[in-house]
Structure formats: structure tokens, C-alpha cells
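Protein sequence lines correspond, in order, to chains A and B. First residue of the first sequence: 1, per the numbering used here; consecutive thereafter. First residue of the second sequence: 1001, per the numbering used here; consecutive thereafter. Here is the structure we will look at, set down as C-alpha cells.
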Amino acid sequence: MIPLPHVIVLSALLFMLGVFGVLLRRNVLVLLMSVEVQLNAANLALIAFSRARQDVHGQALAFLVIAVAAAEAAVGLAIIVAVFRQKKTTDVDEITLLKH
Amino acid sequence: LAVTVAVVGLGTAAITLIHPSEAAGATAAAAVPAAAPTTGQMVGSAIGAPAVSCRADADCASPFVCDAGTHTCRPSRAPLWMFWIFGALALAGTLGMVLSQKPVAGVLSLVGAFAAQAGIYVLLDASFLAAIQVLVYAGAIMVLFVFVIMLLNREEREDWDLRQVGTKALGVFAIAYIVAYLAFYLASSPRAAYTVLPGAPPDGFGGVESVGQVLFSGQTTGGGMTDYLVPFELLSLVLLVAIVGALVVARPGAARRAARATAQSAPPGSQATSSDTAGAATAVAKESHG
């Protein structure tokens, strides 16, 4: 009932906001959340195409993406906690352990 | 918080809106079988709506309503409005997260955005994924973020200065590029492309059963038992590795050992700066138990 281009436009806008967050913010938690937003935008496109083609495979793929996003969030947050213990900061500009 | 409340209210409104219309459509289709455009549902309004004359909405099948001017059945625009209301909420919540100065406020507005996306999934006939979206994304992952933010207990105000002009210019350029590309795409594609409506999906599309059948049995393609079986099992392995990896990385002992290593390599005067006493003490207690 919803034309496909509308959904794709919304998905692109959401992905764009995720890119905006990753490129412009310095708080590492906000960065990780922006990555989640990008994964979600991709899921939205997958589900829209799945609906338009009447093929459930797109939804199965979106399901796998959600599980991978959960694993990514768990590992990413663990790394953030470990880095915070060491450096006492969540600013990505200050986290330069691998640079030197 | 306001976004979340609005999403919940809209969700209930959507459910009450959708369910009576489905029931009414079913009775209408049963009462007027000749008028129900069963074969013409793939056809959008711009390409030529099914030429069914009608007087009231009850004369048309479920997703179609009676156009007051032309007295023909045309697709209902209510789902599209609903879609853009949810879409606006999702965009607003995401924008709130990206622009928020406090991480907790950002997490809460992102929960609202994810809940709004779950509403869009329902509108797109993906009810199982909508439930998963609320449970896993808005529930589990965002709660994990809240836990970590509370654990770090850090009010860090991030000033929007121009320290990294290059990166920010790149971000603005990327956004401008995508907006320009989208505008060009929308302006150049024919008008009919917006109004082509996908046909009604089969019963149970996007439910637990249909998604589960694709995931586990692969009946839809006749590919046997192996369509998503290996990816699914690999996914369980990924989750296991993520759990173990998160535990190993975030264990207090790891930071303590790293601090000891830096203290050994550094001159003895700088020893006290990197070791926090309480955390190290509990880590020692835990390790002696383990």
C-alpha cells in the first residue's frame, strides 16, 4: 500500500543521519549509536524490497542483520568500557592508543 | 520521552485504525465479489485504477476506497499518511540522538526512533521483525547503551568547535551529495513510479511462520534444507564469540594488567597515576577466587 520510493527515501534519510553522526560527533557512544542507525536504515530498505517483491528472503536477511548488530553493540561497548578504564575519556580524538 | 509517548499513542491508534478497516474490507469483499478488484490490485492509480464504479467505501475491496469525485475505487492513502507520521518520528528521534549533548537523552530519543521504525515494519507487513525490532533494538541494545553510559558516569559536554574542519566538511559534503542525488532521482523518475502499489501479500506474509520457513527449510525456493541453515548456525557462533569477547575485553583484570605493564615500563614516579585503587582491589579479589 506504500509506494516503494517513499520507503527508500526514508531509509536513505535515516542512513544519512547515521553518516552525519559518525562523521561529526566525537563521543564514542554516539558514534556507536549512529552505526546502529545505519544498520537500521539498511534493514528498512531490505524490508521494503521484501514487501514489494513479496519475497520473505529480505526479512530473513534483516533478521540476520539485527543479530549481527546486537553482537557488534556488545563487543563495541565492551571495548568502550575497557578504553574508558585506561584513558578516562569517551572522546574519540583522545583515543589514540594504536596511533603511536 | 515525548517522542516515545507519541509513538506508543500512534501505535495504538494505528492498530485500532487498521483492524476495523480490515474487518470491514473482508465483509465488503464477501458481499460484493464482482466489485472486488482481485486481479487488478497490482495496478496503481496513475496507471489506471480498476474501473469499478462505486458510491461508498463499502463497495470497494479492503485497501481501496471510493473516490468522491470520480466514483471509482482508488487505493486508500491512510497507510501512506501513517507511514510518513512514523517516518517523521523516526527522523526526529534520530536527529535528536545525533544532535544531543547528553548521551542519555540521545539514547532515549533513539529508542523512540526505533519504536517508530517498528511501526513502519508493521505497515510493511513485517510483523515478526517489528516485534524483534522492539525486543532486540529498542529493548536489549539500547538498555545495554544505558547501562554503559551509567557505568561510565561521565557528563562530557561536546563543544561544536571547528577543531576538525576537514572531517566536518566531509560530513556536510556527504549529506549534501545524498540530498542532491535523491532530489535528482525523484525529479527525473516518471510520476507513475511513485504510485505503483505492490499487490497485497499472501496471508501470513512476514509472520513468524513464513520467516521461519525461509530461515530453516528453504521451501520457497526449493533449495532444500540449506538456504539459511549455515548462516543461521554461524550467527549463533558469532553471538557466542561476541559474549565471550565482551567478557574478556571488559574484564577489570585486563585493565589492571595493562596498567601494571605501563607502570613497569615507566619510571617509578608515575606509578600512582594509572592504577585506581578500588577497581584494582576488587579485581585482585576476583582473580584470587578464580
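Heads up, the beta-carbon is just placed ideally off N, CA and C, and yes, glycines get one too.
Quiz item: Which residues of chain B have a Cβ atom closer than 7 Å to the Cβ of residue 60 of chain A, listed in chain order?
Solution: Residue numbering aside, residue 60 of chain A sits at position 60 when the first sequence is read from its first letter. Near residue 60 of chain A (Cβ distances below 7 Å), the residues of chain B are 1211, 1214, 1215 and 1228.
Self-check item: Inter-residue CB distance, residue 8 of chain A and residue 48 of chain A (contact presumed, cutoff 8 Å)
Solution: The residue given as residue 8 of chain A occupies position 8 in the first sequence. The residue given as residue 48 of chain A occupies position 48 in the first sequence. At roughly 6 Å, the Cβ-Cβ gap stays under 8 Å, so residue 8 of chain A and residue 48 of chain A are in contact.
Exercise. Kindly say whether residue 1094 of chain B, judged by its beta-carbon, lies nearer than 8 Å to any beta-carbon of chain A.
Key: Within the second sequence, numbered from 1, the residue matching residue 1094 of chain B stands at position 94. Contact with chain A is found for residue 1094 of chain B, since one of that chain's Cβ atoms lies less than 8 Å from the residue's Cβ.
Quiz item: So, does the CB of residue 96 of chain A fall closer than 8 Å to a CB anywhere in chain B?
Solution: Stepping through the first sequence from its first residue, residue 96 of chain A is reached at position 96. No, because no Cβ of chain B sits closer than 8 Å to the Cβ of residue 96 of chain A.
Quiz item: Are the C-beta atoms of residue 81 of chain A and some chain B residue less than 8 Å apart?
Solution: Here residue 81 of chain A corresponds to residue number 81 of the first sequence, with the count starting at 1. Taking Cβ atoms only, chain B reaches closer than 8 Å to residue 81 of chain A, which makes this a yes.
Practice problem: Check the Cβ-Cβ distances between residue 1022 of chain B and every residue of chain A, and say whether any is below 8 Å. | Solution: On the second sequence, position 22 is the one that residue 1022 of chain B refers to. Caution applies to residue 1022 of chain B, whose pLDDT of 40 falls short of 50 and renders its modelled position unreliable; the value that the coordinates give is listed next. No - not a single Cβ of chain A is within 8 Å of the one on residue 1022 of chain B.
Quiz item: Mapping DSSP to helix, strand and coil, what is residue 1153 of chain B?
Solution: Taking the first residue of the second sequence as position 1, residue 1153 of chain B is located at position 153. Secondary structure at residue 1153 of chain B: coil, using DSSP grouped into helix, strand and coil.
Exercise. State whether the stretch 1112 to 1119 of chain B contacts the stretch 1082 to 1095 of chain B, with contact taken as three or more CB pairs (one from each stretch) at a distance under 8 Å.
Key: Look at the beta carbons and you see the stretch 1112 to 1119 of chain B touching the stretch 1082 to 1095 of chain B: at least three pairs across the two are nearer than 8 Å.
Quiz item: Are the Cβ atoms of residue 78 of chain A and residue 1200 of chain B separated by less than 8 Å?
Solution: Along the first sequence, read from residue 1 onward, the residue named residue 78 of chain A stands at position 78. Along the second sequence, read from residue 1 onward, the residue named residue 1200 of chain B stands at position 200. No. Outside cutoff.
Practice problem: Quick one: list the residues of chain A neighbouring residue 1098 of chain B, beta-carbon separation under 9 Å, in chain order. | Solution: The residue you call residue 1098 of chain B lines up with position 98 of the second sequence. Below the 9 Å Cβ cutoff, chain A contributes 17, 18, 20, 21, 24, 25, 30, 33, 34 and 37 as neighbours of residue 1098 of chain B, in chain order.
Quiz item: Can you list the residues of chain B that residue 73 of chain A reaches, using a CB-CB cut of under 8 Å?
Solution: Your numbering for residue 73 of chain A matches position 73 in the first sequence. Neighbourhood of residue 73 of chain A in chain B, by CB distance below 8 Å: 1141, 1144 and 1145, in chain order.
Quiz prompt | Beta-ladder partner(s) of residue 1073 of chain B, from DSSP | solution = For the purposes of this step, residue 1073 of chain B is identified with residue 73 of the second sequence, where counting begins at 1. DSSP lists B/1066 as partners of residue 1073 of chain B.
Quiz item: Which residues in the same chain have their Cβ closer than 6 Å to the Cβ of residue 32 of chain A, if we skip the five residues on either side of it in sequence?
Solution: Locating residue 32 of chain A in the first sequence gives position 32, counting from the first residue. Correct list, in chain order: 76.
Exercise. Could you name the residues of chain B that residue 48 of chain A contacts, counting a contact when the two beta carbons are closer than 7 Å?
Key: The residue labelled residue 48 of chain A in the question sits at position 48 within the first sequence. In chain order: 1124.
Quiz item: Is the beta carbon of residue 1098 of chain B sitting closer than 8 Å to the one on residue 64 of chain A?
Solution: The count along the second sequence starts at 1 and reaches residue 1098 of chain B at position 98. The count along the first sequence starts at 1 and reaches residue 64 of chain A at position 64. The Cβ atoms of residue 1098 of chain B and residue 64 of chain A do not sit closer than 8 Å to each other.
Practice problem: Have a look at A/14, A/70, A/50 and A/73 and flag the residue whose alpha-carbon is nearest the alpha-carbon of residue 1210 of chain B. | Solution: Along the second sequence, one-based indexing puts residue 1210 of chain B at 210. When C-alpha distances from residue 1210 of chain B are compared across A/14, A/70, A/50 and A/73, the shortest belongs to A/50.
Self-check item: Identified DSSP bridge partners for residue 40 of chain A
Solution: Position 40 of the first sequence holds residue 40 of chain A. Answer is none; residue 40 of chain A lacks a bridge partner.
Practice problem: Let me know if residue 1177 of chain B comes out buried or exposed under the rule of 16 or more other beta-carbons within 10 Å of its beta-carbon. | Solution: By 1-based counting over the second sequence, the position of residue 1177 of chain B is 177. It counts as exposed.
Practice problem: Please compile the residues from chain A whose C-beta is within a distance smaller than 7 Å of the C-beta of residue 1117 of chain B. | Solution: Numbered from its first residue, the second sequence carries residue 1117 of chain B at position 117. Within chain A, the residues near residue 1117 of chain B are 40 and 44.
Quiz item: Using a Cβ-Cβ distance under 8 Å, would residue 78 of chain A count as near chain B?
Solution: In the first sequence, counting from the first residue as 1, residue 78 of chain A sits at position 78. True, the Cβ-Cβ gap to chain B drops below 8 Å.
Quiz item: For residue 1076 of chain B, which option in B/1089, B/1087 and B/1060 has the closest C-alpha, if you only look at C-alpha atoms?
Solution: For this step, residue 1076 of chain B is matched to residue 76 along the second sequence. Among B/1089, B/1087 and B/1060, the Cα nearest to that of residue 1076 of chain B is on B/1060.
Practice problem: List the endpoints of the continuous alpha helix (DSSP H) containing residue 1210 of chain B. | Solution: Taking the second sequence and counting its residues from 1, one reaches residue 1210 of chain B at position 210. Unbroken alpha helix (DSSP H) run through residue 1210 of chain B: 1208 to 1216.
Practice problem: Might you give, ordered along the chain, the residues of its own chain that have their beta carbon closer than 7 Å to the beta carbon of residue 93 of chain A, omitting 5 neighbours on each side? | Solution: The residue given as residue 93 of chain A occupies position 93 in the first sequence. For residue 93 of chain A, where only same-chain residues beyond five positions count, the Cβ hits under 7 Å are 26.
Practice problem: Compare the C-alpha of residue 1127 of chain B against each of B/1208, B/1165 and B/1186 and name the closest. | Solution: In the second sequence, residue 1127 of chain B corresponds to position 127, counting from 1. When each option's Cα is compared against that of residue 1127 of chain B, the closest is B/1208.
Quiz item: Going straight from the alpha carbon of residue 81 of chain A to that of residue 56 of chain A, what length do you get?
Solution: For the purposes of this step, residue 81 of chain A is taken as residue 81 along the first sequence, with counting starting at 1. For the purposes of this step, residue 56 of chain A is taken as residue 56 along the first sequence, with counting starting at 1. Straight-line spacing of the CA atoms in residue 81 of chain A and residue 56 of chain A works out to 38 Å.
Quiz item: Can you find a C-beta in chain B that's less than 8 Å from the C-beta of residue 56 of chain A?
Solution: Working through the first sequence from its first residue, we reach residue 56 of chain A at position 56. Answer yes: the Cβ-Cβ gap between residue 56 of chain A and chain B drops below 8 Å somewhere.
Quiz prompt | Beta-carbon proximity check, residue 1147 of chain B vs residue 1107 of chain B, cutoff 8 Å | solution = Against the second sequence, residue 1147 of chain B aligns to sequence position 147. Against the second sequence, residue 1107 of chain B aligns to sequence position 107. It is not a contact, given that the beta carbons lie outside the stated cut-off.
Exercise. Look up residue 91 of chain A in the DSSP assignment and give the residues it is bridged to.
Key: For this step, residue 91 of chain A is matched to residue 91 along the first sequence. The beta-bridge partner set that DSSP reports for residue 91 of chain A consists of A/27.
Exercise. Output yes or no for whether 8 Å exceeds the beta carbon distance between residue 70 of chain A and residue 1140 of chain B.
Key: As a first step, residue 70 of chain A must be located in the first sequence, where it is residue number 70. As a first step, residue 1140 of chain B must be located in the second sequence, where it is residue number 140. Annotated as proximal: residue 70 of chain A and residue 1140 of chain B, with beta-carbon spacing under 8 Å.
Quiz item: Nearest to residue 88 of chain A by alpha carbon, out of B/1232, B/1151, B/1206 and B/1233?
Solution: As a position in the first sequence, residue 88 of chain A is number 88, starting the count at 1. Ranking B/1232, B/1151, B/1206 and B/1233 by Cα distance to residue 88 of chain A puts B/1151 first.
Practice problem: Measure the alpha-carbon distance for residue 1079 of chain B versus residue 1205 of chain B and round it to whole angstroms. | Solution: Within the second sequence, numbered from 1, the residue matching residue 1079 of chain B stands at position 79. Within the second sequence, numbered from 1, the residue matching residue 1205 of chain B stands at position 205. Cα-Cα distance, rounded: 17 Å.
Exercise. Output yes or no for whether 8 Å exceeds the beta carbon distance between residue 1228 of chain B and residue 60 of chain A.
Key: Position 228 of the second sequence holds residue 1228 of chain B. Position 60 of the first sequence holds residue 60 of chain A. It is a contact, given that the beta carbons lie within the stated cut-off.
Self-check item: Span of the alpha helix (DSSP H) around residue 1240 of chain B
Solution: Residue 1240 of chain B sits at position 240 when you count from the first residue of the second sequence. Start and end: 1229 to 1250.
Quiz prompt | residue 98 of chain A beta carbon less than 8 Å from that of residue 1170 of chain B | solution = Taking the second sequence and counting its residues from 1, one reaches residue 1170 of chain B at position 170. Taking the first sequence and counting its residues from 1, one reaches residue 98 of chain A at position 98. No, Cβ-Cβ distance for residue 1170 of chain B and residue 98 of chain A is not below 8 Å.
Quiz prompt | Burial state of residue 1233 of chain B (16 or more Cβ within 10 Å) | solution = As a working mapping, residue 1233 of chain B is identified with position 233 in the second sequence. Here residue 1233 of chain B is exposed, its C-beta having fewer than 16 other C-beta atoms within 10 Å.
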